[in-house]
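Colleague: Numbering (my numbering), first residue to last: 374 to 618. Backbone N, C-alpha and C fix where the C-beta goes; we use that ideal spot for every residue, glycine too. Keep in mind the model is a prediction, meaning the values are calculated, not measured.
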Ligand SMILES: [Zn+2]
């Protein structure tokens, strides 16, 4: 198996996972397959969304889109065994990297005490010619820093004053990164990832006609991950850029 480009993620000691993303649907383009695997194994997983994705539907006013998309996210989460979905209610499309964002994420890390924190690609590109989005970049970078902040009593001292004691995150992972290093074998869990993306009914129905459907896009992403593993037993894999802290 030495031909594999990606190393298996060592999940030993990972009993709790926190997924931090900008928008409803960010977790459902493949990551939710790993979430299904983890919750099936008894790992506690929760979601923290910085916005309700209210700027994501061209033909719908954000006032209506916000609650509708939050409901779709909760339904998606339930499909893969997640019942805790928290929203920070920042304004969609305008998330800024900075100390307040780091503090928000560090506070959620201390509240939920995850061993592994997972977010989306923080790089400018998803791959050659494929631009990443502003909120994803800001959130990804803030999550990177917030994992360190969460363990340091003195960076946001007001958090401990509010009863949120320091917490040390063991593993930090970025999905959809062009610099993937590891993978999670999600063979047998792709179906639920597809079902979780299908729960974004309003959002999916507003996408352009030529945009691939939920099943096709999840299959493509997880098959692509598996091809980089090079083990015929692994038909679906989530590729991740991983740092063990
Ligand atoms: Zn997004």
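Would you list the one or two residues that DSSP bridges to residue 458?
Modeller: Paired residues: 420.
Colleague: Examine the Cβ distances between the region 544–558 and the region 492–500 and report whether three or more of them are shorter than 8 Å.
Modeller: yes
Colleague: For my contact list, residue 424 and residue 465 are in at a C-beta cut-off of 8 Å; report their separation, rounded to the angstrom.
Modeller: 4 Å
Colleague: Bridge partners of residue 548, per DSSP?
Modeller: 493 and 613
Colleague: Tell me whether residue 395 counts as near ligand 1, meaning its Cβ is closer than 8 Å to at least one heavy atom of that ligand.
Modeller: yes
Colleague: Closer than 8 Å to a non-hydrogen atom of ligand 1 - does that hold for the CB of residue 380?
Modeller: Placement of the Cβ of residue 380 at a distance of 8 Å or more from every heavy atom of ligand 1 is found.
Colleague: Does residue 621 pass the burial test, meaning 16 or more other C-beta atoms within 10 Å, or should it be called exposed?
Modeller: Past the edges of the chain, shown from 374 to 618, lies residue 621, and the structure says nothing about it.
Colleague: What does the Cβ neighbour count give for residue 468, buried or exposed, with the cut at 16 atoms within 10 Å?
Modeller: buried
Colleague: Around the Cβ of residue 442, are there at least 16 other Cβ atoms within 10 angstroms (buried) or fewer (exposed)?
Modeller: buried
Colleague: Per the DSSP calculation, residue 504 is bridged to which residue(s)?
Modeller: 498
Colleague: Under the assumption that residue 393 contacts residue 516 (Cβ atoms under 8 Å), give the Cβ distance between them as a whole number of angstroms.
Modeller: 5 Å
Colleague: With DSSP as the reference, please indicate the residues paired to residue 556 in a beta bridge.
Modeller: 381 and 612
Colleague: DSSP three-state label for residue 580, please.
Modeller: coil
Colleague: Going by DSSP in three states, residue 408 sits in which element: helix, strand or coil?
Modeller: helix
Colleague: For residue 521 and residue 478, I'd like the C-alpha separation in whole angstroms.
Modeller: 11 Å
Colleague: Which one or two residues does DSSP pair with residue 393 in a beta bridge?
Modeller: Answer is 421.
Colleague: Specify the secondary structure class of residue 522 as computed by DSSP and reduced to three states.
Modeller: helix
Colleague: Do you know whose CA, among 420, 571 and 380, lies nearest residue 461's CA?
Modeller: The option with the nearest alpha carbon to residue 461 is 420.
Colleague: I'd like to check one pair, residue 559 with residue 417: are the Cβ atoms closer than 9 Å?
Modeller: no
Colleague: So, residue 623 versus residue 601, is the Cβ gap smaller than 9 Å?
Modeller: There is simply no residue 623 to check, as the chain begins at 374 and stops at 618 in what is shown.
Colleague: Return helix, strand or coil for residue 599, following the three-state DSSP convention.
Modeller: helix
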